[in-house]
């Protein structure tokens, strides 16, 4: 029967070419817009470290003075930024499997070859556990150890693309690179590594999407060489040439727990730590937040409003296209009342008529999906030429490819319900009479 | 035109009529909000900024030894001023719309600085001649004197030791609504305060700082003399728009030659502004595109449905024509019918538009939509409906009266 319905559908399309083309075009446009925006939204709200994001947490504490504090309501205002002292205390306490403190900076890199100009690169000042904790893959060498942190050793890990630029992609472990007019010894070279979104940079003043960082240096050594954190906030006027002791926040701490269920224990430890600082007179506010990676991204609303707005808009548009398709399908099938009457008179059941029209709208859906795919590719191509940081990452993946057809089919079947129902309740007798 | 028979006919075609109403309602709701968002973005892009945007360029020198800045800065400035076409040059901590913000909470009383609602203000400091280099416009009071520049060094808290400041009109209105801000004190910390000596036309801050458009013009300016410190990187150079490209090239070359270890970049302010608003601009285009395509789809939907029921009613039309109705009557009939449907759609659409706006206000910090968006998009949809129905209606009007006799 299905084959027969298909044949009927194709005949009907041929009879009303313009109407059919309009339906397919409308559906295609709606689906193209939805898939384009969904792809972007999915790219932006993805899990940057799916294999362990449930075990990665960040600590948020509130160093602000008591003024303006409302117990139970005032959340840490600066996200996961905290003073250096507290970051070091948390690291030393060693209550998690792994823990690292980090801040972003700009590193001036001077190529060793004569005649080449120095340039600035995105850099991370951090501590030894960073690489293992975030599963950063190494091409050559490895990260540095805790001893290097304590000794302020001038060691560096560089990204693959910087290694290509400076050393032509060769194993550069042991080589020296000149950063901010000081010599650092390369201990590791990363493979391409740029988690999207770049969660660890979110409150540090870094871009959330885009290329990864180029240079990784021990926090203590970089600070000793006057490298300034990208984002500094102070709660009173402070001597910010000595940031480590100033009343300012500029580092964040991430921890990796053995099991996600250890979170409660760590949060208790964090609360106790803050209570202890309150009794020492350093802090006034006891609230702490201890979100895991995905919760942190949600708290910080990393996905740009524009992307969510566009998705809402696209689905509003798809709805309009579906209503439009309902109207056109209805027009088409009511026009065929006589044909339906004949078929009913020849013994076709209502169910058969209903099936016939659902097959027809399903075909409109498939055609709309194919066209939608074309529009989506066009849309994504346009987005890749936009100025947004994430623009160049906008590509259709396999799941969105299938999603296109699923959405198209669902949309067209929903659109086909009403016309098919109207068609199958057509009474055969009056139609035959008027032939 | 009799409306009664049209309503009677529509009652017989409830579902197609309801679909047209629904289509117009949805289009109206989306159109209102999309046009409103477009309007908001456009006004954001065109926010006034009282500096000489066409003539100003920013030359950034990064990676020099901060300890040598006391000598480097005057030397670099002298070199820049020698470039033909340069009318003024100065050093500033950061430029508007560069996303490199220096912000402070300020208050009119020392104890209020830490209060939650104390305004967060962008802080600019520039060296002597900065007001000419930027092209600031003084509204009241005065600019800084040379003594005030000379006496102001950068303290370890990265705030100049000056005692005077300029503030923008918007900030003056925020701090002292309805009062004269001249001569008043602005507190930046419990111990640090400045006297307002001049009020200048609104200058944009380096970034929006998440406090909405009202706060986008809250800025204060402090005088500074060159001294040690690594952050005085931005050389503001003013020239005429036609000399600008040449001056930027010359400035980059000169400063790079003077500091071979540094990284020197140059950009015109118009480029800075374009870059800052680039995402807003692409959002505007995307919204415009959606509106156009959506209206087209709606129009096609109306054409499709109307031509369907024109086809269905050929006989009825033929009878009417045979009974003496003119072509104009038939045309009018379909146009009135579409007008009635559009009106119902627009009425529903307005309620929907209002609801969507409330949702957006809650979730996306959007403002309340002004009322006049509703009638404007209503008119747009009425026109669209009339245009869409024109084709099928003309075809209906061309139905010859003889159809009535032939097929009965």
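Protein chains in written order, with my numbering: chain A, 18 to 452; chain B, 447 to 854. Positions of the beta carbon are idealized from the N, C-alpha and C atoms, including for glycine.
Annotation: residue 281(A) to residue 710(B) spans about 50 Å, alpha carbon to alpha carbon. Among the residues facing chain A, residue 703(B) is not included, as its CB has no counterpart in that chain under 8 Å away.
Taking 8 Å as the cut-off, the Cβ atoms of residue 590(B) and residue 567(B) do not count as close.
With a contact defined as Cβ atoms closer than 8 Å, residue 429(A) and residue 382(A) qualify at about 3 Å.
Residues are counted here when their Cβ sits less than 8 Å from a Cβ of chain B; for the segment 419 to 444 of chain A these are 435, 439, given in chain order.
For residue 114(A), the three-state secondary structure derived from DSSP is coil.
Counting only runs of at least 4 residues, the segment 146 to 216 of chain A fully encloses the following alpha helix (DSSP H) elements, listed from N- to C-terminal order: 147 to 150, 163 to 167, 177 to 184.
In the three-state reduction of the DSSP assignment, residue 668(B) falls in the strand class. When the Cα atoms are used, residue 754(B) and residue 800(B) turn out to be separated by approximately 33 Å. Inter-residue distance for residue 388(A) and residue 225(A) is about 33 Å (C-alpha atoms, whole angstroms). Listed by position along chain B, the residues whose Cβ is nearer than 9 Å to that of residue 97(A) form an empty set, because the closest Cβ is around 17 Å away.
In terms of CA proximity to residue 510(B), 125(A) leads the group 341(A), 221(A), 125(A).
Using a CB distance below 7 Å, the part of the segment 334 to 346 of chain A facing chain B consists of 334, 336, 337, 338, 340, 341, 343, 344, 345, ordered along the chain. Spatial neighbours of residue 104(A) in its own chain (CB-CB distance under 6 Å, excluding positions within 5 residues in sequence) are listed in chain order as 118, 268, 270. The segment 438 to 449 of chain A makes no contact with the segment 752 to 769 of chain B; the number of CB pairs closer than 8 Å stays below 3. Look at the segment 723 to 739 of chain B: the residues with a C-beta under 7 Å from a C-beta of chain A are 724, 725, 728, 729, 732, 736, 739. Close partners of residue 80(A) in chain B (Cβ separation under 9 Å) are lacking, with about 13 Å as the shortest Cβ gap. Among the CB atoms of chain A, none fall inside 8 Å of the CB of residue 529(B). Taking the C-beta atoms as reference points, residue 715(B) is found no nearer than 8 Å to residue 490(B). Rounded to the nearest angstrom, the Cβ distance from residue 635(B) to residue 253(A) is 6 Å, consistent with a contact under 8 Å.
Taking 8 Å as the cut-off, the beta carbon of residue 696(B) is found no closer than this to the beta carbon of residue 497(B). For residue 751(B), a Cβ of chain A is located within less than 8 Å of the residue's own Cβ. Identification of residues in the segment 59 to 91 of chain A having a C-beta nearer than 7 Å to some C-beta of chain B yields 82, 84, 85, given in sequence order. In this structure, 470(B) is the residue among 458(B), 455(B), 470(B) with its C-alpha nearest to the C-alpha of residue 337(A). By the rule that beta-carbons nearer than 8 Å mark a contact, residue 507(B) does not touch chain A. Secondary structure remark: continuous alpha helix (DSSP H) runs of at least 4 residues inside the segment 79 to 145 of chain A, in chain order: 101 to 110.
Taking a beta-carbon distance threshold of 8 Å, residue 657(B) does not count as an interface residue toward chain A. Proximity to residue 812(B) across 420(A), 322(A), 423(A) peaks at 322(A), based on C-alpha coordinates.
Between residue 160(A) and residue 149(A), the C-beta gap is smaller than 8 Å, which places the two residues in contact. Taking 7 Å as the cut-off between beta carbons, the residues of the segment 553 to 568 of chain B near chain A are 560, 561, 562, in sequence order. By the C-beta criterion, the segment 612 to 620 of chain B is judged to be in contact with the segment 662 to 674 of chain B, since at least 3 inter-stretch pairs fall below 8 Å. Excluding five sequence positions before and after residue 339(A), the CB atoms of its chain that fall closer than 6 Å to its own CB belong to 428, 432, given in chain order. For residue 257(A), at least one C-beta of chain B is nearer than 8 Å to its own C-beta. Among the CB atoms of chain A, none fall inside 8 Å of the CB of residue 785(B). Within chain B, the residues whose beta carbon sits less than 8 Å from that of residue 43(A) are 743, 746, 747, listed in sequence order. Within the same chain, and ignoring the five residues on either side of residue 411(A) in sequence, the residues whose Cβ sits closer than 7 Å to its Cβ are 56, 57, 60, 397, 400, 401.
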